[in-house]
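Working notes, structure below.
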Amino acid sequence: MLRRRPSLLIRPSLDDETLHEILTDLRPAGQLHGLGAGRSRPLWQPVADLLHTTGRDWDRRAHRLSVLASRLPAAVAERWIADRPDDGDALALHAFTLAGRGPAAGAERACLRAARACPDDPAPWLALLALRYACGAPVRDAVAVWTEAVTRAPWHRGAYHGMLRHLSPRGHGTVPDMLDFARHSAARAPYGSPLALLPVAARVELLAHRERHTPLGAGGLWNEPRAAQEIDAALDGWFRTAAAPHAEALADLNILAFALVRAHRPEDAGPVFERIGRHMTPHPWNMLPDPRRTFLYWRDRLVGRRRG
Numbered sequence: 042m043l044r045r046r047p048s049l050l051i052r053p054s055l056d057d058e059t060l061h062e063i064l065t066d067l068r069p070a071g072q073l074h075g076l077g078a079g080r081s082r083p084l085w086q087p088v089a090d091l092l093h094t095t096g097r098d099w100d101r102r103a104h105r106l107s108v109l110a111s112r113l114p115a116a117v118a119e120r121w122i123a124d125r126p127d128d129g130d131a132l133a134l135h136a137f138t139l140a141g142r143g144p145a146a147g148a149e150r151a152c153l154r155a156a157r158a159c160p161d162d163p164a165p166w167l168a169l170l171a172l173r174y175a176c177g178a179p180v181r182d183a184v185a186v187w188t189e190a191v192t193r194a195p196w197h198r199g200a201y202h203g204m205l206r207h208l209s210p211r212g213h214g215t216v217p218d219m220l221d222f223a224r225h226s227a228a229r230a231p232y233g234s235p236l237a238l239l240p241v242a243a244r245v246e247l248l249a250h251r252e253r254h255t256p257l258g259a260g261g262l263w264n265e266p267r268a269a270q271e272i273d274a275a276l277d278g279w280f281r282t283a284a285a286p287h288a289e290a291l292a293d294l295n296i297l298a299f300a301l302v303r304a305h306r307p308e309d310a311g312p313v314f315e316r317i318g319r320h321m322t323p324h325p326w327n328m329l330p331d332p333r334r335t336f337l338y339w340r341d342r343l344v345g346r347r348r349g
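Numbering-wise (my numbering), the sequence shown opens with residue 42 and increments by one.
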């Protein structure tokens, strides 16, 4: 009898089940008509409870705010602001919501207002960094915002990936600036930090840039000696350590698995795919013609080999 292969879980909440449940409960549907009229408590209350329990886990807080802002109707943050105009969590969610719309009127003001309400929190500055990216701001302007974020959380994964995106040739920077930033940051990061993966993430960005401009010339990117060194550093400095999983660990695991496949290192890729399980992320697999099939092919082949 054939076993049915478990379906993939491709969702912005990654493995954050509490966040996923709230998104499911408050998804844009009929129950949001009238902004929750008839409910025994405000529509925004589950979001408020979630952010309250997140506390000062700045990494997970920024991830949750970003996902909530991208997936919930804007009316949730707007009603929360109307009910509690000085609530720092409400202001932070509103900032992410407006920043996600790009150069929307009032977006920068909302980010700065949230930063004043939450002076220790890097999240409003990350929302402003995303806004700077969307507006095509010069790198120097992005660096000033990034500095505010990392002053509050020195090794914040989201802050470094946000700056990497800005420095990417697909963003507003150059290849040398992006690679220097990634390598310097990874070298300074503490042992066990996911920032050990930053040079590999930069190489994925470079791959996307090269394949867009020279599709036949990007294959050797993973055969360079330095690529092997960067992958080894990510494996030894983060993946194989006893570091606690961070909020976007699955996103990093997918980047690492992708790099190992491209570098023809199946023995190293197997444990990474095993840890990923069903949680495929669109990036970086969506750079390939058939992302799901490619992911499943390598995962099933390599995890099966380890269990065989």
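A virtual CB, placed ideally from N, CA and C, is assigned to each residue, including glycine.
Sequence-distant residues of the same chain with beta carbon closer than 7 Å to residue i, five excluded per side
i: ALA360; result: A query on residue 360 cannot be resolved here, the shown segment of the chain reaching from 42 to 349 and no further.
i: ARG112; result: PRO53, LEU64
i: VAL313; result: PHE280, LEU294, LEU297, ALA298, LEU301
Close Cβ partners of residue i (< 8 Å) along its chain, the five nearest in sequence each way excluded
i: GLY71; result: Bear in mind that the predicted position of GLY71 carries a pLDDT of just 42, short of 50, making it unreliable; the figure below should be weighed with that in mind. Excluding positions up to five away in sequence, the list is empty.
i: ALA274; result: ALA227, ALA237, PRO240
Close-in-space but distant-in-sequence residues of the same chain around residue i (CB under 6 Å, 5 per side omitted)
i: TRP263; result: ARG303, ALA304
i: ALA158; result: GLY129, LEU132
i: LEU169; result: CYS152, VAL186
i: MET219; result: LEU208, SER209, ALA243
Sub-8 Å separation of residue i and residue j beta-carbons
i: ASP56; j: PRO87; result: no
i: THR322; j: ALA292; result: yes
i: GLU289; j: HIS104; result: yes
i: ARG206; j: GLY212; result: yes
i: LEU106; j: LEU84; result: no
i: THR95; j: ALA118; result: no
i: ALA178; j: MET204; result: no
Whole-angstrom distance between residue j and residue i, CA atom to CA atom
i: ARG82; j: ALA116; result: 16 Å
i: THR59; j: THR188; result: 31 Å
i: PRO286; j: GLU246; result: 23 Å
i: PRO325; j: ASP100; result: 21 Å
i: PRO165; j: ALA136; result: 7 Å
i: LEU337; j: GLU308; result: 16 Å
i: ALA171; j: PRO114; result: 19 Å
i: GLY261; j: GLU271; result: 15 Å
i: ALA140; j: ASP161; result: 20 Å
i: ALA230; j: THR215; result: 23 Å
i: ALA156; j: PRO163; result: 8 Å
i: ASN327; j: ARG251; result: 15 Å
i: PRO126; j: ARG120; result: 9 Å
i: TRP196; j: ARG267; result: 24 Å
i: ARG340; j: ALA223; result: 28 Å
i: ASP221; j: ARG97; result: 30 Å
CB-CB length for residue i against residue j, believed under 8 Å
i: ARG333; j: LEU49; result: 6 Å
i: ARG316; j: LEU294; result: 6 Å
i: GLY318; j: ALA284; result: Contact flag wrong, Cβ pair sits at about 19 Å.
i: ALA190; j: LEU208; result: Actually they are not in contact, since the Cβ atoms of ALA190 and LEU208 sit about 15 Å apart, beyond 8 Å.
The segment 235-247 touching the segment 273-286, judged by at least three CB pairs closer than 8 Å: yes
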